[in-house]
Every structure is written in structure tokens, then in C-alpha cells.
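Worksheet: the structure to be examined is printed underneath.
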Amino acid sequence: MPLNPYSDDQQPWPGLAAKMDPQPDHGEQSYKGRDRLTGKRALVTGGDSGIGRAAAIAFAREGADVAINYHPDEESDARTVIALIEAEGRKAVALPADLRDEAAARKVVDDAVKALGGLEVLVLNAGRQQAEKSIEDITSDAFDATIKTNIYAPFWMAQQALPSLKNGASIIITSSVQAFSPSAHLFDYAQTKAANRAFAQALAKQLAPKGIRVNAVAPGPFWTALQVSGGQFKDKLPEFGADNPLGRPGQPVEIAPIYVLLASDEASYITGECYAATGGSGTGG
Ligand code: NAD
Ligand code: MG
Numbered sequence: 001m002p003l004n005p006y007s008d009d010q011q012p013w014p015g016l017a018a019k020m021d022p023q024p025d026h027g028e029q030s031y032k033g034r035d036r037l038t039g040k041r042a043l044v045t046g047g048d049s050g051i052g053r054a055a056a057i058a059f060a061r062e063g064a065d066v067a068i069n070y071h072p073d074e075e076s077d078a079r080t081v082i083a084l085i086e087a088e089g090r091k092a093v094a095l096p097a098d099l100r101d102e103a104a105a106r107k108v109v110d111d112a113v114k115a116l117g118g119l120e121v122l123v124l125n126a127g128r129q130q131a132e133k134s135i136e137d138i139t140s141d142a143f144d145a146t147i148k149t150n151i152y153a154p155f156w157m158a159q160q161a162l163p164s165l166k167n168g169a170s171i172i173i174t175s176s177v178q179a180f181s182p183s184a185h186l187f188d189y190a191q192t193k194a195a196n197r198a199f200a201q202a203l204a205k206q207l208a209p210k211g212i213r214v215n216a217v218a219p220g221p222f223w224t225a226l227q228v229s230g231g232q233f234k235d236k237l238p239e240f241g242a243d244n245p246l247g248r249p250g251q252p253v254e255i256a257p258i259y260v261l262l263a264s265d266e267a268s269y270i271t272g273e274c275y276a277a278t279g280g281s282g283t284g285g
């Protein structure tokens with residue numbers, strides 16, 4: 001795993017994994033499948049890069065067909081993931097769309113269900129994080145974009161997917177350690193990640209009678225495009241994640257096994273939970 005210090009290069013939002021230094025490890029070479037998701041069909045939002053890319057690669061290597069959604073500006077990253085899924089002999093579906101738009105978000109679900117022929121796994125992972133020093137610096141438009149991406153889109157997409165999800169299906173939402181220990185510079189984002197955790201807890205209770213499980217994942221610091229495209233301040237990037245007990249940020253592949261477990265039938269008694277991977281600093285709450 002690459003060690004700090006990392007480059008402080010920043011990119012315009014939404015950022016491309018292909019342009020990061022060092023290159024994140026999404027499991028392209030390293031993830032080994034063990035047939036844990038054979039025959040399942042999954043939709044992963046934010047599947048072009050970072051944690052979503054790692055989940056998409058792992059799902060395909062575990063035997064799943066995978067649709068990925070991403071922002072249209074991320075087409076080049078998405079193509080890399082589509083090629084990796086197809087290299088496993090699995091079906092890959094590319095669904096570019098801006099999830100801040102309700103009609104577009106709902107259409108992504110419909111298109112995924114149609115192209116895959118059904119859906120067993122829904123990973124609501126797309127997220128917006130922009131660091132701001134003061135609450136006074138957050139415009140209403142920026143606040144709205146964070147809420148739309150991180151709270152509305154998962155609501156719209158889970159609602160849209162529900163008629164297609166059957167007994168045994170799994171919904172996974174990417175929350176954060178920010179849900180437990182909010183940082184001063186992530187005032188709006190941290191609130192949405194707390195909402196994501198509550199999403200899993202409340203919806204799990206609601207959907208348990210249908211045999212549909214809902215869980216959240218709470219990553220600590222992971223080296224992804226989100227962090228270098230406004231998620232952290234430039235001067236924080238070289239030492240990003242270095243202050244936790246493992247002394248470095250996580251690589252996206254290092255959280256993929258949690259998504260695989262939660263997607264799989266092995267997790268049949270796991271619902272309403274929030275699984276963290278923090279490099280040792282814990283969730284602190
Ligand atoms: P990432 O930038 O690689 O992935 C985020 C993805 O969100 C983008 O690739 C993009 O496809 C998608 N997205 C954002 N806005 C969108 C929009 N309007 N329309 C469509 N897609 C949009 O970064 P990541 O860190 O892998 O982020 C994945 C998830 O992990 C996010 O929910 C993030 O909040 C969460 N998370 C990340 C960290 C970390 O340290 N990297 C920590 C905790 C939680
Ligand atoms: Mg991306």
C-alpha cells in the first residue's frame with residue numbers, strides 16, 4: 001500500500017481516479033473472488049471510482065452482473081470499470097446520470113432493472129463532500145447539492161427499486177465516520193452521513209418482513225477522487241489518513257469485502273447495521 005506523504009494535487013469536481021497520485025488500489029489486480037455473489041444482479045452508484053469502483057470490481061469477481069451509475073463527466077473512469085467487469089465474463093451496464101435530478105435518478109434504477117433483468121443488490125454509494133472552513137462559506141446552492149446527492153438520491157432510488165426487490169435482496173448505503181464524529185470542515189456533509197446511517201436503521205425495520213436487508217457502511221479516510229476534488233483542503237492531502245493508528249488512509253479495495261459480505265446471502269441475519277473500516281481510529285460515538 002502506498003504510504004504518505006501523498007501529492008497535494010487537486011482536481012475540479014467530480015475528479016477522476018485515473019489522474020490521482022498515487023493511484024488508488026480499487027482491487028484491479030488484487031481482489032480475488034470466491035463465488036460469493038454468483039447469479040446476483042447489482043446496481044452501484046458512484047461505481048466509476050473510489051469505494052464504488054472497488055465494490056463493482058469485487059461484485060463482478062464474486063459472480064455478479066453489475067450496473068454502475070456515475071456523473072456524465074466521469075465517463076473515462078466508468079469505461080475502465082466496465083472493461084474490468086466484462087473481463088470477468090459478467091454483464092456490465094453503464095448508466096451515466098446526475099443523481100441530483102429526481103427523474104434521472106429514478107430512471108437509473110429502471111434502466112438497471114431492465115438491462116440486468118432484475119435486481120438483488122442496490123448500493124447507494126454516490127456522494128458529495130466539499131470542505132468549507134465556515135458555515136458562512138456554504139451557499140444555499142452548495143448545501144442543496146450535498147443534500148440532493150447524499151439524501152434525496154438514495155430516497156428516490158430505494159423507493160424506485162422497491163417493487164423489483166424480492167426476498168433476499170440487499171440495500172447498502174455508504175455512510176461515514178462523519179455520522180459519528182463530525183469534522184468542523186464537513187458541516188453539511190456530516191449531517192447527510194448521519195442521515196444515511198438512520199436510513200439503514202429505519203428502512204431495515206420497515207423491510208425486514210419482506211426479507212430485504214438494509215445496512216450502512218462507515219468508511220474512515222479512504223484515498224479516492226472525492227478527497228482530491230474538494231473533499232479535503234489542499235494542505236491536508238499529503239498527510240491524509242496518517243493520523244490514525246494504521247498511519248495511512250485506506251485503499252478502496254480494503255473496504256470492498258464489507259460490501260461483498262452485506263450483499264451476499266451469508267449476511268442473512270445482518271440488517272440495520274453500520275459497518276465501519278477506519279484504520280483503527282474507530283467511530284468515536
Ligand atoms: P469518489 O469520488 O470516487 O466516488 C463518489 C462518486 O459519487 C463519484 O464517482 C460520482 O460518480 C458520484 N456522484 C457524486 N455526485 C454525483 C451526482 N450529482 N450524480 C451522479 N453521481 C454523483 O469518492 P468515494 O470516497 O469513493 O465516495 C464514495 C462514497 O463514500 C461517498 O458516499 C462518500 O461520502 C463515502 N465516504 C468516503 C470516504 C473517504 O474517505 N473517501 C469516507 C467516508 C465516506
Ligand atoms: Mg468518480
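If you use UniProt numbering, the sequence shown closes out at 285, no skipped numbers anywhere.
Where is the CB? At the ideal position from N, CA and C, for every residue including glycine.
Measure from the alpha carbon of residue i to the alpha carbon of each residue in the options, then state which is nearest.
i, options, result
"residue 221", "107, 51, 20", "51"
"residue 295", "226, 151, 46", "Not covered by the structure: residue 295. The range shown for the chain is 1 to 285."
"residue 16", "250, 62, 283, 227", "227"
"residue 178", "276, 19, 5, 29", "276"
"residue 109", "120, 99, 157, 148", "157"
"residue 211", "250, 171, 259, 274", "171"
"residue 263", "133, 79, 35, 102", "35"
"residue 94", "67, 103, 77, 208", "67"
"residue 12", "144, 41, 73, 142", "73"
"residue 143", "255, 249, 186, 167", "186"
"residue 133", "168, 257, 153, 184", "184"
"residue 252", "14, 273, 225", "225"
What is the DSSP secondary structure of residue i, counted as helix, strand or coil?
i, result
"residue 50", "helix"
"residue 5", "coil"
"residue 140", "helix"
"residue 146", "helix"
"residue 196", "helix"
"residue 162", "helix"
"residue 250", "strand"
"residue 31", "coil"
"residue 116", "helix"
"residue 269", "coil"
"residue 287", "What is shown of the chain runs 1 to 285, which leaves residue 287 out entirely."
"residue 356", "Outside the displayed range of the chain (1 to 285) lies residue 356, so it cannot be described from this structure."
Does the distance between the C-beta of residue i and the nearest non-hydrogen atom of the ligand MG fall short of 7 angstroms?
i, result
"residue 74", "yes"
"residue 31", "no"
"residue 96", "no"
"residue 21", "no"
"residue 77", "yes"
Would you mind giving the Cβ-Cβ distance between residue i and residue j, rounded to the nearest angstrom? I have them listed as a contact below 8 angstroms.
i, j, result
"residue 214", "residue 200", "5 angstroms"
"residue 37", "residue 56", "Rounded, the Cβ-Cβ distance is 11 angstroms, inconsistent with contact."
"residue 130", "residue 230", "4 angstroms"
"residue 60", "residue 27", "The Cβ separation is near 10 angstroms, so there is no contact."
"residue 180", "residue 283", "4 angstroms"
"residue 310", "residue 8", "Nothing in the structure corresponds to residue 310, since the chain is present only between 1 and 285."
"residue 244", "residue 268", "Their Cβ separation, rounded to whole angstroms, is 32 angstroms, which puts residue 244 and residue 268 out of contact at 8 angstroms."
Is residue i near the ligand NAD, with its Cβ less than 7 angstroms from a heavy atom?
i, result
"residue 43", "no"
For the segment 62-110, list the alpha helix (DSSP H) runs that are entirely contained and at least 4 residues long, ordered along the chain. Counting whole runs of 4 or more residues, the segment 62-110 contains the alpha helix (DSSP H) stretches 75-87.
For the ligand SAH, which residues count as neighbours when the test is a C-beta closer than 6 angstroms to any heavy atom? No copy of the ligand SAH appears in this structure; the ligands present are the ligand NAD and the ligand MG.
Note down, one range per segment and in chain order, each alpha helix (DSSP H) of at least 4 residues found wholly within the segment 221-251. Fully enclosed alpha helix (DSSP H) runs of 4 or longer: not present.
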